[in-house]
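Printed below as a string of structure tokens:
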């Protein structure tokens with residue numbers, strides 16, 4: 122399993138990180154540290170599961186001792202495609218990153234958008250600010266889902282093909298000003314307060330604060346761990 126069995130007691134509540142290389146990535150450390158800070162008898166175990174075995178694993182998960190799971194990024198889409206369950210955010214984003222076992226079924230969520238917003242708010246309060254979102258990914262859509270509830274002054278959506286942003290625009294309420302920008306030469310001229318980049322290539326923009334989803338993912342993962350361990354420990 123990749124987890125010291127002597128750290129698991131009779132009453133320990135078990136959770137898991139599921140990925141092709143979950144043991145090697147050691148992301149369980151973020152969750153176990155958070156559980157320890159809460160002083161609860163819960164443990165996060167990393168499990169290496171091949172994609173070909175995901176369906177079989179998920180079928181048995183609800184009958185196992187595992188009470189919840191976080192998915193490594195490579196399985197966000199495949200697990201959603203297998204389960205096709207979740208709240209409105211999950212359905213709009215087309216991915217899931219967290220599963221909680223409840224009443225012999227699954228509570229499927231996307232937590233990364235909320236966690237990303239928490240990270241951005243630590244840099245600068247988004248309320249009343251101009252926010253640039255770069256990229257048309259499910260992760261950027263999850264972030265937008267939560268950002269629109271935080272009262273930004275203006276949201277700018279940027280992608281190489283602006284046609285892909287139509288569904289993003291539909292998430293923005295009428296009282297929030299927005300604009301759609303096509304990325305050209307990996308540069309954006311618009312001046313903003315905060316840039317949140319969901320692409321894997323660095324896009325330059327004139328901003329005071331910046332968060333890169335890929336490069337700063339450990340910060341986001343730490344927030345995810347704090348959010349879910351608090352909920353799971355109840």
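Numbering (the working numbering), first residue to last: 122 to 355.
By construction, the Cβ of each residue, glycine as well, lies at the ideal position given by its N, Cα and C atoms.
Keep in mind that this is a model prediction, so the values were computed, not measured.
Counterpart residues of residue i in DSSP-defined beta bridges
i: residue 277; result: 253, 300
i: residue 163; result: 134
i: residue 306; result: Answer by DSSP bridge pairing: none, since residue 306 is not bridged.
i: residue 317; result: 254, 332
i: residue 169; result: 140
i: residue 236; result: Residue 236 is not bridged to any residue.
i: residue 244; result: Beta-bridge pairing links residue 244 to no other residue.
Assigned secondary structure, residue i (DSSP; H/G/I helix, E/B strand, else coil)
i: residue 144; result: helix
i: residue 123; result: Legend: pLDDT at residue 123 = 47, less than 50; position of this residue unreliable, value from coordinates given subsequently. Here residue 123 sits in coil by DSSP.
i: residue 322; result: coil
i: residue 153; result: helix
i: residue 292; result: coil
i: residue 183; result: coil
i: residue 177; result: helix
i: residue 230; result: strand
i: residue 222; result: strand
i: residue 352; result: helix
i: residue 327; result: strand
i: residue 311; result: strand
Inter-residue spacing [alpha-carbon to alpha-carbon] between residue i and residue j
i: residue 315; j: residue 349; result: 26 Å
i: residue 267; j: residue 179; result: 28 Å
i: residue 324; j: residue 335; result: 13 Å
i: residue 338; j: residue 328; result: 20 Å
i: residue 146; j: residue 295; result: 42 Å
i: residue 398; j: residue 318; result: The chain is shown from 122 up to 355; residue 398 falls before or after that span and cannot be answered.
i: residue 305; j: residue 161; result: 50 Å
i: residue 172; j: residue 269; result: 34 Å
i: residue 284; j: residue 131; result: 54 Å
i: residue 346; j: residue 166; result: 13 Å
i: residue 297; j: residue 144; result: 43 Å
i: residue 274; j: residue 264; result: 16 Å
i: residue 129; j: residue 169; result: 19 Å
i: residue 301; j: residue 308; result: 14 Å
i: residue 205; j: residue 238; result: 25 Å
i: residue 202; j: residue 240; result: 28 Å
Contact set for residue i: own chain, Cβ-Cβ below 6 Å, skip 5 residues either direction
i: residue 210; result: 231, 266
i: residue 320; result: 255, 256
i: residue 333; result: 318
Cβ shell of residue i (< 8 Å), same chain only, five flanking positions each side left out
i: residue 163; result: 133, 134, 135, 136, 156, 350, 353, 354
i: residue 192; result: 138, 139, 140, 200, 217, 218, 219, 220
Neighbourhood of residue i by C-beta distance below 7 Å, restricted to the same chain and skipping five residues each side
i: residue 342; result: 148, 151
i: residue 184; result: none
i: residue 258; result: 319
(request) Count the CB pairs spanning the region 282 to 299 and the region 218 to 227 that are closer than 8 Å, and state whether there are at least three. (result) In short, these stretches do not touch, since the Cβ pair count stays below three.
(request) Please determine if the region 206 to 222 and the region 241 to 248 are in contact, where contact requires at least 3 C-beta pairs separated by less than 8 Å. (result) Result no; under three Cβ-Cβ pairs closer than 8 Å.
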